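Chains as they are written, first to last, in numbering that gives the first Met the number 0: chain V, 0 to 202; chain E, 0 to 202; chain L, 0 to 202; chain X, 0 to 202.
Built from N, CA and C at the ideal position, the CB exists for glycine as well.
Here the structure is a predicted model, which means the values were calculated and not measured.
Below is one structure; the comments refer to it alone.
Number of protein chains: 4
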Amino acid sequence: MKAIDKHSKIIVAATKVFAKKGFFNARISDIAKEAKVADGTIYLYFNNKIDILVSVFDKEIGALVTQTVKLLDAEPDPGKQLEIFVIKHLTAMKKNKNLAEVIQIELRQTNKLIKDYRNTKFNDYLNIVSDIIKEGQKQKIFRQDIIPDIAKRIIFGGLDELSRVWNLSLETNYSVEDAGFQIVRIFLSGIAASETEGKFPPL
Amino acid sequence: MKAIDKHSKIIVAATKVFAKKGFFNARISDIAKEAKVADGTIYLYFNNKIDILVSVFDKEIGALVTQTVKLLDAEPDPGKQLEIFVIKHLTAMKKNKNLAEVIQIELRQTNKLIKDYRNTKFNDYLNIVSDIIKEGQKQKIFRQDIIPDIAKRIIFGGLDELSRVWNLSLETNYSVEDAGFQIVRIFLSGIAASETEGKFPPL
Amino acid sequence: MKAIDKHSKIIVAATKVFAKKGFFNARISDIAKEAKVADGTIYLYFNNKIDILVSVFDKEIGALVTQTVKLLDAEPDPGKQLEIFVIKHLTAMKKNKNLAEVIQIELRQTNKLIKDYRNTKFNDYLNIVSDIIKEGQKQKIFRQDIIPDIAKRIIFGGLDELSRVWNLSLETNYSVEDAGFQIVRIFLSGIAASETEGKFPPL
Amino acid sequence: MKAIDKHSKIIVAATKVFAKKGFFNARISDIAKEAKVADGTIYLYFNNKIDILVSVFDKEIGALVTQTVKLLDAEPDPGKQLEIFVIKHLTAMKKNKNLAEVIQIELRQTNKLIKDYRNTKFNDYLNIVSDIIKEGQKQKIFRQDIIPDIAKRIIFGGLDELSRVWNLSLETNYSVEDAGFQIVRIFLSGIAASETEGKFPPL
DNA sequence: AATGAATGAGCATTCATTCAT
DNA sequence: TATGAATGAATGCTCATTCAT
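Next up, the structure:
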């Protein structure tokens, strides 16, 4: 087995274990067992426990970025692109509960621990949204008074909270379609009824 | 010193310590030291470490619910109410970074551990949003196709992510006013420019 | 309530608690609760936890000594006296499981801790047996080659082990009568069949 | 060093420490220090503190069973066998004070905690005695009215109490020979003088 | 005498990391 | 490269004892 395979195997195993037990409750030996390697072997590929988490996250989110970008390339309309992003995100989170866990929980937990977090692929992912918005503004399809860097956070936050609730089974499991519609509806057209649109003019 | 004072003192201390170190890295002795009581004293008021976290959270969020409800009582218009909620939340999170930490990080971390979490005051807080939306729908001010229980998550998620970024100082610190405007703008009227409104009709 | 009553109440409570949980697992607060006094009150009557145990033991064994001596006074024959002692002991241990526990377990456990243990009433109790043996030897009813101070230990040990097993329910619960007969039989006439008596002559 | 050596080393160390301080007062770190291993190493070989005690006991008593059985194999006469058992037990207890401690004190202390204690080697040891008695009864050398399962307890109890007193140095240290004679005397022929034998007939 | 809140020393157990093989 | 036995620092919680009231 090549070194790269083992590195990969450990990441896959770690993703499962972190998702199941959480970063702090996961033991290195759990990961080693899941990956079918010895405890010590892990330290040949990673510096420490946090390093594993960062790697897990980067790998997963990297794949998501690639897939999402590919989907968007085929669609010129920023509105449609936003819709695609939303559906893709919700679908991915529903399909890959482990990744969802890691994003929603461990990501936050360890932000405090990882100073150079800004460099990870997560920002690439978020910037997909701000880029869509910027393009929409250029095309005069989106309002000019929206600040893309704020909007990307608001949109991601909404998506994230929604899929978090799914994962915890705290509420009825709305379908990706229902939830996707709601979020696209809200972000693109807002909550206001069209006849009252005048009440919320662009400031 | 009355028992209630000591209970309160421990909660205040725990809030500080959890915010600074995170739940898992916080030691009971840290909290005891911060509260100027003996380690054992903490166990006269709380059952265990998680119990402290839940109490911290309930106290803080309970206060926030009270204040927010009071603010909203004076305002009949659901659109304005949503705006008030948004501004109040962002202001509170910016003012009380410890509470923000606890909501954004520890809350998630321990959701898995606390099964009966549904009963805490956090749901009261979220339901303020869905109640506003329901009232708006009744008054035909808000779209009928918005599902309040989904929308409340989307809105909270957006707010939460925004204030999380503030806390981490990951991005330029937009003012509460700027961020509040963005979020009210997006949720109430959506991102779409009014001339393109037709592109995103109610489905 | 007089002081002596409270002292007594605590001893009764402690006997129950020690028997149920064992000395090391018993908490002062358990005893206080059982005795319906405050934790601190216990320290008005006893110096520390071990002091309570010694008091419990002395009180119980003292009562047993009194009762046993009274029973024996009416019986002049040392052989019958030994029988009475045996039956009385087994009956007492079966009736008062708490005392049995304390004798069998805690007594041993704390012997190491209590240096002046020799002074307690337990020796009075054991000496009842050696006194019976000495009297029997004086009357030429018992063998002269038996050393009373060793025999008292052997007899007590046999009785103690037997009632210990009862308490633990490790084996079929033989009746006091059966067990008493066995022990009297063994100690007085030995195990040997009478026709083989010659095989085990006085050495 | 092989794993089995370390396991053994820990048991030897634990025996010393338990004997010196007692089970409840012994700290894991004491045992680790005595065994010259790290605290954590102990948990590679034992599940918990009680597991160590049970192991200590099983190892020691197992060795004693082996040795005793071997000694008895060479002797066909049940009367002599009982004498051999008695002498062997007293000798072993006098030689190995740590084992004596563990049998007499810790064993009792933890019987309450270990429900499946019945399965340990201690029963093998006790059953040596009842087997001897049964064989003696078969050969008509011992009385038929003796119940082997009760007699084994009485005999063990007598032996145990005797060696317990030695260990505590509560009384003059009689020699193994003196004490052995007394106990064999009592158990085989009883206390009664031969001329009064008629006073204690088989019931 | 009585209370019971407060104290703080004490300890079993875990687990990330190392390193001899 | 790979192993997994060994390490030992770290900590939540308990409970005998004290003492202000």
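Inset, instruction - Can you give me, in chain order, the residues of the segment 146-164 of chain X that have a beta carbon less than 8 Å from any beta carbon in chain L? - result: Within the segment 146-164 of chain X, the qualifying residues are I146, D148, I149, A150, R152, I153, I154, F155, G156, G157, L158, D159, E160, L161, R163 and V164.
Legend entry - L/E134 versus L/N97 - alpha carbon distance: Numbered from 1 along the third sequence, position 135 holds the residue referred to as residue 134 of chain L. Numbered from 1 along the third sequence, position 98 holds the residue referred to as residue 97 of chain L. L/E134 and L/N97: Cα-Cα distance of roughly 32 Å.
Inset, instruction - With DSSP collapsed to three states, give me the class of E/F22. - result: Position 23 of the second sequence, counted from the start, is the residue given in the question as residue 22 of chain E. Coil at E/F22, not helix or strand.
Inset, instruction - Residues of the segment 18-45 of chain V with a CB closer than 8 Å to any CB of chain E: list them in chain order, please. - result: Listed by position along the chain: G21 and F23.
Legend entry - Distance between V/Q103 and V/D123 (C-alpha atoms, nearest Å): Residue 123 of chain V sits at position 124 when you count from the first residue of the first sequence. Residue 103 of chain V sits at position 104 when you count from the first residue of the first sequence. V/D123 and V/Q103: Cα-Cα distance of roughly 17 Å.
Legend entry - Supposed contact pair V/L81 and V/I131 - C-beta distance, whole angstroms, cut 8 Å: As a first step, residue 131 of chain V is located in the first sequence; it is residue number 132 there, counting from the start. As a first step, residue 81 of chain V is located in the first sequence; it is residue number 82 there, counting from the start. V/I131 to V/L81, Cβ: 5 Å. Contact.
Legend entry - Closer than 8 Å to chain V by CB, E/A178: For the purposes of this step, residue 178 of chain E is identified with residue 179 of the second sequence, where counting begins at 1. By this cut-off, E/A178 is an interface position.
Legend entry - Option in L/L71, L/E74, L/K69 and L/S7 with minimal Cα separation from L/F45: Translated into positions along the third sequence, residue 45 of chain L becomes position 46. Looking at the Cα atoms, L/S7 is the closest of the given residues.
Inset, instruction - Compare the Cα-Cα distances from X/Q136 to each of X/F23, X/G78 and X/T65 and report the closest residue. - result: Indexing the fourth sequence from 1 puts residue 136 of chain X at position 137. Comparing alpha-carbon positions, the option among X/F23, X/G78 and X/T65 lying closest to X/Q136 turns out to be X/G78.
Inset, instruction - Give the DSSP-derived three-state secondary structure of X/P200 in the structure shown. - result: As a working note, residue 200 of chain X is residue 201 in the fourth sequence. Note that X/P200 has pLDDT 45, beneath the 50 cutoff, so the model's placement of it is unreliable and no number is given.
Inset, instruction - With a cut-off of 8 Å on the beta carbons, I'd call X/F155 and X/V128 a contact; round off their distance for me. - result: Reading the fourth sequence from its first residue, position 156 is the one you call residue 155 of chain X. Reading the fourth sequence from its first residue, position 129 is the one you call residue 128 of chain X. Beta-carbon to beta-carbon, X/F155 and X/V128 are separated by about 7 Å, close enough to satisfy the 8 Å threshold.
Legend entry - CA-to-CA distance, X/I182 to L/P147, given in whole angstroms: Taking the third sequence and counting its residues from 1, the one referred to as residue 147 of chain L is at position 148. Taking the fourth sequence and counting its residues from 1, the one referred to as residue 182 of chain X is at position 183. Their Cα atoms are separated by approximately 12 Å.
Inset, instruction - Check whether the Cβ of L/F84 lies closer than 8 Å to any Cβ atom in chain X. - result: Residue numbering aside, residue 84 of chain L sits at position 85 when the third sequence is read from its first letter. Cβ-Cβ to chain X under 8 Å: no for L/F84.
Legend entry - Nonlocal neighbours in the same chain, by C-beta distance under 8 Å from X/G157, ignoring five residues either side: Along the fourth sequence, read from residue 1 onward, the residue named residue 157 of chain X stands at position 158. Contacts found: I182, I185 and F186.
Legend entry - Beta-carbon spacing of E/R152, V/V16 below 8 Å: Within the second sequence, numbered from 1, the residue matching residue 152 of chain E stands at position 153. Within the first sequence, numbered from 1, the residue matching residue 16 of chain V stands at position 17. Against a cut-off of 8 Å, the Cβ pair of V/V16 and E/R152 comes out as no contact.
Inset, instruction - Within the same chain, show all residues whose beta-carbon is closer than 8 Å to that of L/G179, passing over the 5 residues directly before and after it, in chain order. - result: Position 180 of the third sequence holds residue 179 of chain L. Cβ within range, chain order: E82, V85, I86 and L89.
Inset, instruction - Please classify X/F45: does DSSP put it in a helix, a strand, or coil? - result: Taking the first residue of the fourth sequence as position 1, residue 45 of chain X is located at position 46. In the three-state reduction of the DSSP assignment, X/F45 falls in the coil class.
Legend entry - Enclosing alpha helix (DSSP H) for X/D130 [first to last residue]: Position 131 of the fourth sequence, counted from the start, is the residue given in the question as residue 130 of chain X. Here the alpha helix (DSSP H) through X/D130 covers K120 to K137.
Legend entry - Classification of E/D144 by the beta-carbon crowding that lies within 10 angstroms, buried from 16 upward: Stepping through the second sequence from its first residue, residue 144 of chain E is reached at position 145. The residue in question, E/D144, is exposed, as its Cβ has fewer than 16 Cβ neighbours within 10 Å.
Inset, instruction - Establish whether the CB of L/Y124 and some CB of chain X are separated by less than 8 Å. - result: Here residue 124 of chain L refers to the residue found at position 125 of the third sequence. In terms of beta-carbon proximity, L/Y124 stays away from the interface with chain X, with every pair separated by 8 Å or more.
Inset, instruction - Using a Cβ cut-off of 8 Å (strictly closer), state whether X/K114 contacts chain L. - result: Taking the fourth sequence and counting its residues from 1, one reaches residue 114 of chain X at position 115. Its pLDDT being 48, under 50, X/K114 is placed unreliably by the model, and nothing is read from it.
Inset, instruction - Apply the 10 Å Cβ neighbour rule to X/A37 and answer buried if 16 or more other Cβ atoms are within range, or exposed otherwise. - result: Position 38 of the fourth sequence, counted from the first residue, corresponds to residue 37 of chain X. Under a 10 Å Cβ-count criterion, X/A37 is classified as exposed, with fewer than 16 other Cβ atoms of the shown protein chains found around its own Cβ.
Inset, instruction - Check whether the Cβ atoms of X/I9 and X/A34 sit closer than 8 Å, and answer yes or no. - result: The residue given as residue 9 of chain X occupies position 10 in the fourth sequence. The residue given as residue 34 of chain X occupies position 35 in the fourth sequence. Yes, they are a contact pair.
Inset, instruction - Going by CA-CA distance only, name the one from X/A62, X/E74, X/D72 and X/Q138 that's closest to X/M92. - result: Against the fourth sequence, residue 92 of chain X aligns to sequence position 93. The shortest Cα separation from X/M92 among X/A62, X/E74, X/D72 and X/Q138 belongs to X/A62.
Legend entry - Partner residues on chain X for L/Q181, Cβ-Cβ distance less than 8 Å: Residue 181 of chain L sits at position 182 when you count from the first residue of the third sequence. Neighbours of L/Q181 in chain X, taken as residues at a C-beta separation under 8 Å, are given in chain order as I145, I146, I149, A150 and I153.
Legend entry - Cβ pair E/A99, E/S54 closer than 8 Å: One-based indexing of the second sequence puts residue 99 of chain E at position 100. One-based indexing of the second sequence puts residue 54 of chain E at position 55. For E/A99 and E/S54, no; Cβs fall outside 8 Å.
Legend entry - Close Cβ partners of X/E74 (< 8 Å) along its chain, the five nearest in sequence each way excluded: By one-based count along the fourth sequence, residue 74 of chain X stands at place 75. Take X/E74, set aside five residues on each side of it, and the residues of its chain with a beta-carbon closer than 8 Å to its own are Q80 and I83, in chain order.
Inset, instruction - Step through the CB atoms of chain L and report whether any lies within less than 8 Å of the CB of X/I49. - result: For the purposes of this step, residue 49 of chain X is taken as the residue at position 50 of the fourth sequence. For X/I49, the answer is no, since every Cβ of chain L falls outside 8 Å of its Cβ.
Legend entry - Under the three-state DSSP convention, the category L/D76 falls into: If you number the third sequence from 1, residue 76 of chain L lands on position 77. In the structure shown, the three-state DSSP call for L/D76 is coil.
Inset, instruction - State the CB to CB distance for the pair E/A18 and E/V101, rounded to an integer number of angstroms; the pair is presumed to be in contact (CB under 8 Å). - result: As a first step, residue 18 of chain E must be located in the second sequence, where it is residue number 19. As a first step, residue 101 of chain E must be located in the second sequence, where it is residue number 102. A Cβ-Cβ separation of about 6 Å places E/A18 in contact with E/V101 under the 8 Å criterion.
Inset, instruction - State the Cα-Cα distance for the pair V/K69 and E/Q66, rounded to the nearest angstrom. - result: Numbered from its first residue, the first sequence carries residue 69 of chain V at position 70. Numbered from its first residue, the second sequence carries residue 66 of chain E at position 67. Roughly 47 Å separates the two Cα atoms.
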